[in-house]
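Inspection log for the structure reproduced underneath, given as structure tokens.
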Amino acid sequence: MQRALVVGATGMLAGVCTGLAIDNGMTVGAIARTKESLNRLGAVPPGIPGKLIPMALDYHDIGRLKHWIAHFQLMEGPIDLVVAWMHEPWMASLEAIVAEVEAYRHMPWRLVHVVGSGTALETLTPPVSGSWCQYQRVTLGFVVEASTSRWLTHSEICQGVLQSIRRGQPASVVGTLEPWHRRP
2 MQRALVVGAT GMLAGVCTGL AIDNGMTVGA IARTKESLNR LGAVPPGIPG KLIPMALDYH
62 DIGRLKHWIA HFQLMEGPID LVVAWMHEPW MASLEAIVAE VEAYRHMPWR LVHVVGSGTA
122 LETLTPPVSG SWCQYQRVTL GFVVEASTSR WLTHSEICQG VLQSIRRGQP ASVVGTLEPW
182 HRRP
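The numbering of the sequence shown is our numbering, which starts it at 2 and goes up by one.
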């Protein structure tokens with residue numbers, strides 16, 4: 002059974018957690034800031050090989066973050082996939098995640114970094130410390146509808162992120178980033 006870690010696991014990525022666990026049979030470590038928000042994830046139905054392991058912590062608390070990831074890998078095995086949606090400042094947290102996964106996993110794994118449309122014009126340096134990490138960047142765009150535009154729904158985000166994981170492309174966009182002046 003494969004193992005995944007989803008950071009920012011509730012809200013718009015809740016469907017990614019359940020999709021990885023239920024549809025792909027993965028063990029998913031789900032990190033969010035509060036127990037209340039993690040309770041909304043629900044459970045994996047009986048008979049499905051996947052499972053959800055929730056953890057309420059602030060990913061800016063690097064010590065707790067590293068400790069939990071080490072504990073998760075010790076109990077469940079090395080992480081195969083990390084899906085991370087983080088608010089600024091995120092680089093130190095992402096670097097800590099990469100270091101902890103690399104400490105246990107000595108074979109290829111994937112980091113899917115979900116970013117907002119505001120970073121579309123920036124050049125991001127992936128926080129990949131070892132040679133084992135395949136970095137993927139998924140940029141969340143918007144939807145243009147006739148004379149208006151809107152942000153993506155949680156369902157559209159989840160479907161797009163899961164599709165990006167399946168495709169394995171180094172960079173992808175959910176929705177569109179063009180025309181930029183139509184951004185909501």
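Every residue gets a Cβ at the ideal spot worked out from N, C-alpha and C, and that includes glycine.
Inset, instruction - Could you check what DSSP says for residue 120 in three-state terms: helix, strand or coil? - result: Note: residue 120 maps to helix in three-state DSSP.
Inset, instruction - Identify, in the order they occur along the chain, each residue of the same chain with its Cβ nearer than 7 angstroms to the Cβ of residue 117, setting aside the five sequence neighbours on each side. - result: 141.
Legend entry - Span of the alpha helix (DSSP H) around residue 16: Taken as a continuous stretch (DSSP letters only), the alpha helix (DSSP H) holding residue 16 covers 15-19.
Inset, instruction - Inspect the beta-carbon positions of residue 63 and residue 31 and report whether they are closer than 8 angstroms. - result: Taking 8 angstroms as the cut-off, the beta carbon of residue 63 is found no closer than this to the beta carbon of residue 31.
Inset, instruction - Return the first residue and the last residue of the beta strand (DSSP E) that residue 58 is part of. - result: Counting along the chain, residue 58 falls outside any beta strand (DSSP E), and DSSP gives it neither H nor E.
Legend entry - According to DSSP, residues forming a beta bridge with residue 30: Beta-bridge pairing links residue 30 to 6, 54.
Inset, instruction - Pick helix, strand or coil for residue 114, following the three-state DSSP scheme. - result: Strand.
Inset, instruction - Evaluate residue 49 with the Cβ neighbour count: other Cβ atoms within 10 Å of its Cβ, from every protein chain shown; 16 or more gives buried, anything less gives exposed. - result: That one is exposed.
Legend entry - Reduced DSSP category for residue 66 - H, G, I as helix; E, B as strand; rest coil: Three-state result, residue 66: helix.
Legend entry - Short Cβ contact (8 angstroms threshold) for residue 99 with residue 134: Contact flag set, yes.
Inset, instruction - Use the C-beta contact count for residue 101: other C-beta atoms within 10 angstroms, 16 or more gives buried, fewer gives exposed. - result: Residue 101 is classed as buried because its beta carbon has at least 16 other beta carbons within 10 Å across all chains shown.
Legend entry - Whole-Å CB distance - residue 163 paired with residue 20, under 8 angstroms assumed: That pair is a contact at about 5 angstroms.
Inset, instruction - Can you have a look at residue 94 and say buried or exposed, based on whether 16 or more other CB atoms are within 10 angstroms of its CB? - result: So residue 94 counts as buried.
Inset, instruction - Compute the Euclidean distance between the alpha carbons of residue 91 and residue 111, then round it to the nearest angstrom. - result: Answer to the nearest angstrom: the Cα atoms are 18 angstroms apart.
Legend entry - For residue 148, three-class secondary structure by DSSP: Residue 148 falls in the coil class under three-state DSSP.
Inset, instruction - Following the continuous alpha helix (DSSP H) through residue 165, name the residue where it begins and the one where it ends. - result: For residue 165, the enclosing alpha helix (DSSP H) stretches over residues 155-168.
Legend entry - The beta strand (DSSP E) enclosing residue 132, as first and last residue numbers: That residue, residue 132, is in no beta strand (DSSP E); it is neither H nor E in DSSP.
Legend entry - Alpha-carbon to alpha-carbon, residue 114 and residue 165: Those two C-alpha atoms are separated by around 11 angstroms.
Legend entry - 7 angstroms CB neighbourhood of residue 22 in its chain, flanking five on each side removed: Hits under 7 angstroms: 29, 45, 51, 52, 53.
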